[in-house]
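In this note's numbering, the protein residues as written are 16 to 148.
Glycine included, each C-beta is placed from N, C-alpha and C at the ideal position.
Read the structure below first, then the notes.
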Amino acid sequence: MTESISPAPQYDGIFTPWLAVTDMDRSIEWYQRVLGFEIEFRADAKVGWCEFITPTKDVYLGLYRMPQVAPGGGAMPTFGVRDLATERARLTAMDVRVQGPDQVIPELISFLTFLDPDGNALMFCQVLHEPRH
Numbered sequence: 016m017t018e019s020i021s022p023a024p025q026y027d028g029i030f031t032p033w034l035a036v037t038d039m040d041r042s043i044e045w046y047q048r049v050l051g052f053e054i055e056f057r058a059d060a061k062v063g064w065c066e067f068i069t070p071t072k073d074v075y076l077g078l079y080r081m082p083q084v085a086p087g088g089g090a091m092p093t094f095g096v097r098d099l100a101t102e103r104a105r106l107t108a109m110d111v112r113v114q115g116p117d118q119v120i121p122e123l124i125s126f127l128t129f130l131d132p133d134g135n136a137l138m139f140c141q142v143l144h145e146p147r148h
């Protein structure tokens, strides 16, 4: 019997971007302190992995340990926030590296980029119009 092949993947509804880190303990502390994430699962002794629960249903963040990390490569996790100016002030008060001024696309979005301890870029984004969701 031949099964038909779906034209798209059969997604399970879970989204987990992975970021490489060099020091798991330092990175876990940073993601908990700066983004308020809670650990869902940690297996760094065997495989160098930590998975966080985020405030968004079915969205997680995974960290995997690597001996070296090339900053700036790959995807950029972007988190929607209610007030970008408030988040910039909070990051600055926590001595988080924020890159440059906020970027604004009028009537669409404003966003800022910040770095974790390994130089991985993350972004906060504020929608400037009625949300589409």
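Inter-residue distance for isoleucine 68 and arginine 97 is about 19 Å (C-alpha atoms, whole angstroms).
Taking the CA atoms as reference points, glutamine 114 sits about 34 Å from aspartate 27. Bridge pairing for valine 111: absent [DSSP]. Apart from sequence neighbours up to five positions away, the residues of its chain that approach histidine 144 with a beta-carbon distance below 7 Å are Glu122, Leu123, ordered along the chain. For methionine 138, the enclosing beta strand (DSSP E) has its first and last residue at 136-142. Taking a cut-off of 8 Å on C-beta distances, the segment 74-85 does not touch the segment 97-113, as fewer than three cross pairs fall below it.
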